[in-house]
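Below is one structure, written out as structure tokens, with a few remarks after it.
In the working numbering, the protein residues as written are 534 to 759.
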């Protein structure tokens, strides 16, 4: 059972999401709150697995709340769910550890899939802003948010692993990578897990930033999967 918390300042949206998500037997909405302060208070009691976080909320917005939650409860996954696709919001939410960024126009099936994906350690970014996110990774790679990896850790990466890393850098999901590289989704998931371990990186977002800043996204690979 995946425990979900909803954080949105609009009561109608909170109620609607709660009704729709409650139709899934493997999800349980443990609370629906109106701002970041309420999120932090509710977490102490409910300890959700995934939080659907609005950006613009009174008293404490979703970006700052994401930062605070990830600092105190790093295992809790956060999906930013908002009507805004402003660069600054995307940049900040991903920088502070959000696992997903979806616009509120997303279908309920896509939202359910996103919740399951981040719960299982994946990342989910709305296709409408995937290109924007890739550009943001480029910005981040040139800023003081650059990801540091010891050169010795990357020497043993295989070409197959580098191909997967490249696609992660482009902002693609495991499913999209699997289709593009003619692999199973499970194989891609294993590659990502192995690569994160090899490079000693925390999550997929850090891997994507590293891929951009090191130029992996610009490399050309042959057909050899070694």
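Just so it is clear, CB atoms sit at the ideal spot from N, CA and C, and this is done for glycine as well.
Distance between beta carbons of residue j and residue i, contact taken as under 8 Å
i           : j           : result
residue 639 : residue 653 : Contact flag wrong, Cβ pair sits at about 18 Å.
residue 563 : residue 598 : Actually they do not touch by this definition, with Cβ atoms about 16 Å apart.
residue 728 : residue 710 : In fact, because the Cβ distance is near 12 Å, the residues do not count as touching under 8 Å.
Backbone CA spacing between residue i and residue j [nearest angstrom]
i           : j           : result
residue 601 : residue 579 : 17 Å
residue 609 : residue 684 : 31 Å
residue 629 : residue 558 : 31 Å
residue 741 : residue 688 : 18 Å
residue 758 : residue 751 : Its pLDDT being 47, under 50, residue 758 is placed unreliably by the model, and nothing is read from it.
residue 713 : residue 721 : 11 Å
residue 577 : residue 622 : 26 Å
residue 746 : residue 736 : 16 Å
residue 646 : residue 739 : 22 Å
residue 581 : residue 604 : 15 Å
residue 551 : residue 586 : 13 Å
residue 542 : residue 657 : 23 Å
DSSP beta-bridge partners of residue i
i           : result
residue 565 : 539
residue 615 : 636
residue 584 : 538, 611
residue 657 : 633
residue 560 : 535
Chain-order list of residues whose beta-carbon lies under 7 Å from that of residue i (same chain, five-residue window excluded)
i           : result
residue 594 : 569, 588
residue 686 : 731, 732, 733
Test: residue i CB closer than 8 Å to a CB of chain C
i           : result
residue 625 : Annotation note: the requested chain C is absent from the structure, which comprises a single protein chain.
Given residue i as reference, the closest of the options once Cα atoms are compared
i           : options            : result
residue 731 : 721, 710, 583, 690 : 690
residue 614 : 632, 736, 628      : 632
residue 606 : 742, 534, 574      : 574
residue 749 : 701, 719, 721      : 701
residue 612 : 649, 735, 745      : 649
residue 584 : 567, 592, 696      : 567
residue 643 : 745, 553, 734      : 553
residue 616 : 546, 625, 709      : 546
residue 761 : 724, 708, 727      : Absent from the structure is residue 761, since the part of the chain shown begins at 534 and ends at 759.
residue 754 : 693, 637, 681      : 693
residue 725 : 655, 590, 544      : 655
Own chain residues within Cβ distance below 6 Å of residue i, not counting five before or after
i           : result
residue 549 : none
Neighbourhood of residue i by C-beta distance below 8 Å, restricted to the same chain and skipping five residues each side
i           : result
residue 538 : 562, 563, 564, 565, 566, 572, 575, 576, 579, 581, 583, 584, 585
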